[in-house]
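Visitor: Protein sequences appear in the order of chains C and A.
When the first sequence is numbered by the working numbering, its final residue is 275 and no position is left out of the sequence of numbers.
When the second sequence is numbered by the working numbering, its final residue is 301 and no position is left out of the sequence of numbers.
Cβ coordinates follow ideal geometry from the N, Cα and C atoms, glycine included.
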Amino acid sequence: MPYVLLSPLVVLLAVFTYWPLLYTAYLSLVDVRLFQPDRYVGLANFRGLFHSPAFADAAWNTVIYLALSLPLKVLLPIPIAVFVWCMGRRMAALYRTILFVPTLLSFVVVAIIWIWMLNPVIGQFQSVLHLLGWQMPAVLSDAAVAIYVIIGVSAWKVVGFHALLYLAGLASIPRELIESMRIDGAGDWRILRSLLLPLLSPTIYFVSVTSVLFTVQHVFTPINIMTGGGPSNATTNLFYLAYQMAFESFNIGFASATALLLFLGLGALAAVQARLIGRGVHYQ
Amino acid sequence: MTGLAARGPLALSRPWRAVAHLVLFVAAVSILLPMLLVCATSLKPPAEINGGMPWPEAPTLSNYAAVFEKIPFGHYLWNSAATTALRVSGQMMIALLAAYAFARFEFWGRGLLFALTLGAMMLPHSLTFLPTYLLVSWLGWFDTWQGLIVPNLVAPAAVFLLRQHMLAFPRELLDAAAIDGAGPWRALWLVVLPNIQPALAAIGILLFIECWNEYFWPLVITESVSSMTVQIGIRRFLDAERGDDLGPLMAGVVLVSLPALLIFLWFQRRILETFVSAGLKG
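1. Taking one C-beta from the segment 58 to 77 of chain A and one from the segment 261 to 268 of chain A each time, how about it: are there three or more such pairs within less than 8 angstroms?
2. Using only CA atoms, which one of L232(C), A265(C) and N52(C) lies nearest to L251(C)?
3. By how many angstroms is the C-alpha of Q110(A) removed from the C-alpha of P111(C)?
4. Run through DSSP, which three-state label would D179(C) get?
5. Going along the segment 185 to 216 of chain C in order, which residues come within less than 7 angstroms of chain A, judged by CB to CB distance?
6. Going by DSSP, which residues form a beta bridge with R30(C)?
7. In this structure, how does DSSP classify I113(C) when only helix, strand and coil are distinguished?
8. Taking S99(A) as the reference, which of A118(A), Q216(A) and Y234(A) has the closest Cα?
9. Of all Cβ atoms in chain B, is any one closer than 8 angstroms to the Cβ of Y119(A)?
10. By the 10 Å Cβ neighbour count, where 16 or more other Cβ atoms means buried, how is E67(A) classified, buried or exposed?
11. Is it the case that the Cβ atoms of Y119(A) and V239(A) are separated by a distance below 8 angstroms?
12. So does the segment 259 to 275 of chain C actually touch the segment 34 to 43 of chain A, counting three or more Cβ pairs closer than 8 angstroms?
13. Among S163(C), V92(C) and A154(C), which has the Cα closest to the Cα of I71(C)?
14. Which bits of chain A does M(-8)(C) rub up against, with CB to CB less than 7 angstroms?
15. Identify each residue in the segment 169 to 181 of chain C for which the Cβ-Cβ distance to at least one residue of chain A is less than 7 angstroms, and report them in chain order.
16. Give the single residue among I268(C), L260(C) and F230(C) whose Cα lies nearest to the Cα of K47(C).
17. According to the neighbour-count rule (16 or more other Cβ atoms, all chains shown, within 10 Å of its Cβ), is H277(C) buried or exposed?
18. Check the Cβ of I71(C) against every Cβ in chain A and list those closer than 8 angstroms, keeping chain order.
19. Tell me which same chain residues have a C-beta within less than 7 angstroms of the C-beta of S245(A), skipping the five on either side of it?
20. Can at least three beta-carbon pairs, one atom from the segment 156 to 175 of chain C and one from the segment 239 to 255 of chain C, be found at a separation below 8 angstroms?
21. List, in chain order, every chain C residue whose beta-carbon is nearer than 8 angstroms to that of T102(A).
22. Answer with yes or no whether the minimum CB distance from Y139(C) to chain A is below 8 angstroms.
23. Between which two residues does the alpha helix (DSSP H) carrying Q126(C) extend?
24. As an exercise, report each continuous alpha helix (DSSP H) stretch of at least 4 residues that is fully enclosed by the segment 87 to 175 of chain A, in chain order.
25. Excluding the five sequence neighbours on either side, which residues of its own chain have a C-beta within less than 7 angstroms of the C-beta of V174(A), listed in chain order?
26. When we look at the beta-carbon of A262(C) and count the other beta-carbons within 10 Å, is it buried (16 or more) or exposed?
27. Kindly give me the distance between the Cβ atoms of A218(A) and L181(A), rounded to whole angstroms, as I take these residues to be in contact under 8 angstroms.
28. Would you kindly work out how many angstroms separate the C-alpha atoms of M20(A) and A279(A), rounded to a whole number?
29. Mapping DSSP to helix, strand and coil, what is F241(C)?
30. By how many angstroms is the C-alpha of F92(A) removed from the C-alpha of W84(A)?
31. Would you kindly report the start and end of the unbroken alpha helix (DSSP H) that includes D264(A)?
32. Distance, Cα to Cα, G221(C) vs T136(A)?
33. Pairing CB atoms from the segment 96 to 107 of chain C with CB atoms from the segment 166 to 180 of chain C, are three or more of them under 8 angstroms?
34. Counting only runs that start and end within the segment 51 to 124 of chain C, where is the alpha helix (DSSP H) found for 4 or more residues in a row?
35. Return helix, strand or coil for Y9(C), following the three-state DSSP convention.
36. Per DSSP, what kind of secondary structure is F179(A) in: helix, strand or coil?
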C-alpha cells in the first residue's frame, strides 16, 4: 500500500531529479558530438574550465555574491523583526503585510521595476536628481558597481520574508521568560543576547542555509534581465555561466562540469554551515 | 503593571524606539514607493510618461488595453493560468499521497525515501537543468505545456509540510475509523483530508505563487506563443520596448503581479501562518 501511494513521487524524483544529477556527472566527463557516440575525455572539461577566464570571473563573483548577500539576507532581517515585534499590534500587522509584498512579486517584475528606477535617462532617481542639477550614473553598465546593484535588488526581494520568519520565531518565545529576566534586572541587550538570539538560532540556521541556495540560484533572474552577466562578466555567477555555456555556446561538457563543481561547492558550504552554525543551534 | 504589559516584549529606551520607527518606515517606503510609481506610470497617458509629475494628471486605462494589442498577452495569461492550475493540482495530489504514506505506514526504505525527497529541495534546477532539458526535448515536450508541468510535479516542501500536519493528526481518530471498517484509502479521504483542509489550502496558494512567478524553467523550455508564460512574455516586452511603450510595459507589470497580490491579501492570515510553521520546523 505505501509503495503504491509513493510510486508517483518516486518515479518523478528518479526521472527528473536524481537521474539528471548522475547524468550531469556523466556529461562532464565526455565530449558530446552530433550523430556520433559520446567520447570519454576524462577531466579535460574541468581542465578547460580552469584555464578559462570566464570561469574564474564567475567563480570569484559567486564568492562575492555569497560573502555580501549572506550578511544582508541573514543578519539584517533580525533587527527588523525585533523592531516589528516591539510595535503595537496594529502597526505590527501593517508592517508584516508590507514586508511580505516583495516575496509575492516575481523576480522578473522586481528586475523590471529596478531597471526602470535606476535608468540614467528616464529613471525615477534621475527625475529627482535632475531637480538638483545632478546626473544619475549608469550603475548597471558600470562593471565596478553593477554586481552590488544586483546584490541589493536580490536582498530587497527576500529581507522582508526572512524578517517574517524571525518574527515567527520571536512570537513563539514565552513572554514569562522575558518577564522573569527583566525582574532579575536584565536590560534589553542582555535579553537579546542571552535569550532571544539563542532561541532564534534554529531559524538563523534555516535562513542561512536557504540563503545560500537562493543567492546562487534565484539571482539568475536579475542577472539575466538586468545585466546579462555583463558588463564584461562583472555580474555573472557559476549558475549563469553554466546556462550560457549550455544555451548560448552549446558546450554541454563545460556546462555540466560547471554545474557539477557548483554542486560540490554548495555541498561543502552546507557541511561547513552545519559545523559552524548548526552546532551552535540551541533547540528549546 | 498594565504599563509594563503595554510596553511590549522589550523595554526599548526612547532613542531606540525612534530608531525602530525610522528603520521600519524606511523599509516600508523602499518597498511601497517603487510599486506606487509603477502603478502611477501605468495610468499615465503617453504625453505624461517622461517628465512631469510622479502621478498621472489625466489618468487613463489605455495602457492596459495596449498590452493586449502590442503583445499576445492574453495567450501568455492563458498559458500561465492553465499550466499553473494543472501543475499545482498535480503537485498537491502527489504530495498528499506521499505524505500520507510517510506519516501513516511503517515500511522498508521509508527513511531513505524521505531523505531523498528532502534532498531534492537541495537539488534545484541550477544543478540538473541540462539533462532535464535534454530529456524533455527527447520526449518531444519542448515548447509544450507538458514540458512546463511534468518535470516540476514533485514539491518536496509540500510533502514535508503535509507529513508534519498528518503526524500531528490524532491517532485515535484513525484507529476509530479503522474499527468502523474504513480502509486506509477511505480514512485518507473521509477523515484526514477534511481535517487538514486549511493546511492544504495554504500550501496550494504558496505553490501557486511559486509557479506563477517562475522564470528559469519557462525561459529554457518555451519558445512560442503556444506555451510561453506571462513572466517570459513581459520580459520579451521589456527587450522589445525602446522607450515608447513604457506605459503599456508598466501596465503589464501590474497585471502580472496582481493575481499573487490579490490572493495574498485575501488569504493573508493563513499564508503567514503556513510560512511561520515552515520556517520554524526547517
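Guide: On the basis of the supplied data:
1. A contact between stretches requires three or more CB pairs, one per stretch, nearer than 8 angstroms, and the segment 58 to 77 of chain A meets this requirement with the segment 261 to 268 of chain A.
2. For the purposes of this step, residue 251(C) is taken as residue 260 along the first sequence, with counting starting at 1. Among L232(C), A265(C) and N52(C), the Cα nearest to that of L251(C) belongs to L232(C).
3. The residue you call residue 111(C) lines up with position 120 of the first sequence. The residue you call residue 110(A) lines up with position 91 of the second sequence. The alpha-carbon atoms of P111(C) and Q110(A) are separated by roughly 44 angstroms.
4. By 1-based counting over the first sequence, the position of residue 179(C) is 188. Residue state, collapsed to three classes: helix.
5. Flagged, chain order: T194, F197, L204, V207, Q208, F211, T212 and I216.
6. Reading the first sequence from its first residue, position 39 is the one you call residue 30(C). R30(C) is bridged to D22(C).
7. Numbered from its first residue, the first sequence carries residue 113(C) at position 122. Coil at I113(C), not helix or strand.
8. The residue labelled residue 99(A) in the question sits at position 80 within the second sequence. The shortest CA-to-CA distance from S99(A) to any of A118(A), Q216(A) and Y234(A) is the one to Y234(A).
9. No chain B is present in this structure, whose protein chains are C and A.
10. Along the second sequence, one-based indexing puts residue 67(A) at 48. So E67(A) counts as buried.
11. Residue mapping note: residue 119(A) aligns to position 100 of the second sequence, counting from 1. Residue mapping note: residue 239(A) aligns to position 220 of the second sequence, counting from 1. For Y119(A) and V239(A), no; Cβs fall outside 8 angstroms.
12. No, the segment 259 to 275 of chain C is not in contact with the segment 34 to 43 of chain A.
13. The residue you call residue 71(C) lines up with position 80 of the first sequence. It is A154(C).
14. For the purposes of this step, residue -8(C) is identified with residue 1 of the first sequence, where counting begins at 1. Think of a sphere of 7 angstroms around the beta carbon of M(-8)(C): the chain A residues whose beta carbon falls inside it are F124 and P203, in chain order.
15. Within the segment 169 to 181 of chain C, the qualifying residues are I169 and D179.
16. On the first sequence, position 56 is the one that residue 47(C) refers to. The identity of residue 47(C) in the sequence shown is Ala, whereas the question assumes Lys. Checked all of I268(C), L260(C) and F230(C); the closest Cα to A47(C) is F230(C).
17. Any answer about residue 277(C) is impossible in this case: the structure gives chain C only from -8 up to 275.
18. The residue you call residue 71(C) lines up with position 80 of the first sequence. Under the 8 angstroms cutoff, chain A gives V42, L43 and A46.
19. Within the second sequence, the letter at position 226 stands for residue 245(A). Taken in chain order, the residues that qualify are D162.
20. Taking 8 angstroms as the limit for Cβ pairs, the verdict is that the segment 239 to 255 of chain C does not touch the segment 156 to 175 of chain C.
21. Taking the first residue of the second sequence as 1, we reach residue 102(A) at position 83. Contact annotation for T102(A) against chain C: no contact, minimum CB-CB distance about 15 angstroms [criterion: below 8 angstroms].
22. Indexing the first sequence from 1 puts residue 139(C) at position 148. No, its Cβ sits nowhere closer than 8 angstroms to a Cβ of chain A.
23. One-based indexing of the first sequence puts residue 126(C) at position 135. Element bounds for Q126(C): n/a, residue is neither H nor E.
24. Correct list: 92 to 123, 129 to 138, 144 to 157 and 164 to 168.
25. On the second sequence, position 155 is the one that residue 174(A) refers to. Looking at the sequence itself, residue 174(A) is Ala, so the reference to Val does not match. Contacts found: Q110, A114 and L226.
26. Translated into positions along the first sequence, residue 262(C) becomes position 271. So A262(C) counts as exposed.
27. Locating residue 218(A) in the second sequence gives position 199, where the first residue counts as 1. Locating residue 181(A) in the second sequence gives position 162, where the first residue counts as 1. Right, their Cβ atoms sit about 7 angstroms apart.
28. Taking the second sequence and counting its residues from 1, one reaches residue 20(A) at position 1. Taking the second sequence and counting its residues from 1, one reaches residue 279(A) at position 260. Only weak support is given to the placement of M20(A): the predicted model assigns it a pLDDT of 33, under 50, and the value that follows is read from those uncertain coordinates. Going by the C-alpha atoms only, they are around 43 angstroms apart.
29. Translated into positions along the first sequence, residue 241(C) becomes position 250. Correct three-state label for F241(C): coil.
30. In the second sequence, counting from the first residue as 1, residue 84(A) sits at position 65. In the second sequence, counting from the first residue as 1, residue 92(A) sits at position 73. In the sequence as displayed, the identity of residue 84(A) is Ala instead of Trp. Straight-line spacing of the CA atoms in A84(A) and F92(A) works out to 10 angstroms.
31. On the second sequence, residue 264(A) is found 245 positions in, with the first residue counted as 1. From DSSP, D264(A) is part of no alpha helix (DSSP H); its letter is neither H nor E.
32. For the purposes of this step, residue 221(C) is taken as residue 230 along the first sequence, with counting starting at 1. For the purposes of this step, residue 136(A) is taken as residue 117 along the second sequence, with counting starting at 1. Roughly 36 angstroms separates the two Cα atoms.
33. Below 8 angstroms, too few C-beta pairs join the segment 96 to 107 of chain C and the segment 166 to 180 of chain C to call them touching: fewer than three.
34. Counting whole runs of 4 or more residues, the segment 51 to 124 of chain C contains the alpha helix (DSSP H) stretches 68 to 77, 80 to 95, 98 to 109 and 115 to 122.
35. Working through the first sequence from its first residue, we reach residue 9(C) at position 18. Assigned with DSSP and collapsed to three states, Y9(C) falls in helix.
36. For the purposes of this step, residue 179(A) is taken as residue 160 along the second sequence, with counting starting at 1. In the displayed model, F179(A) falls within a helix according to three-state DSSP.
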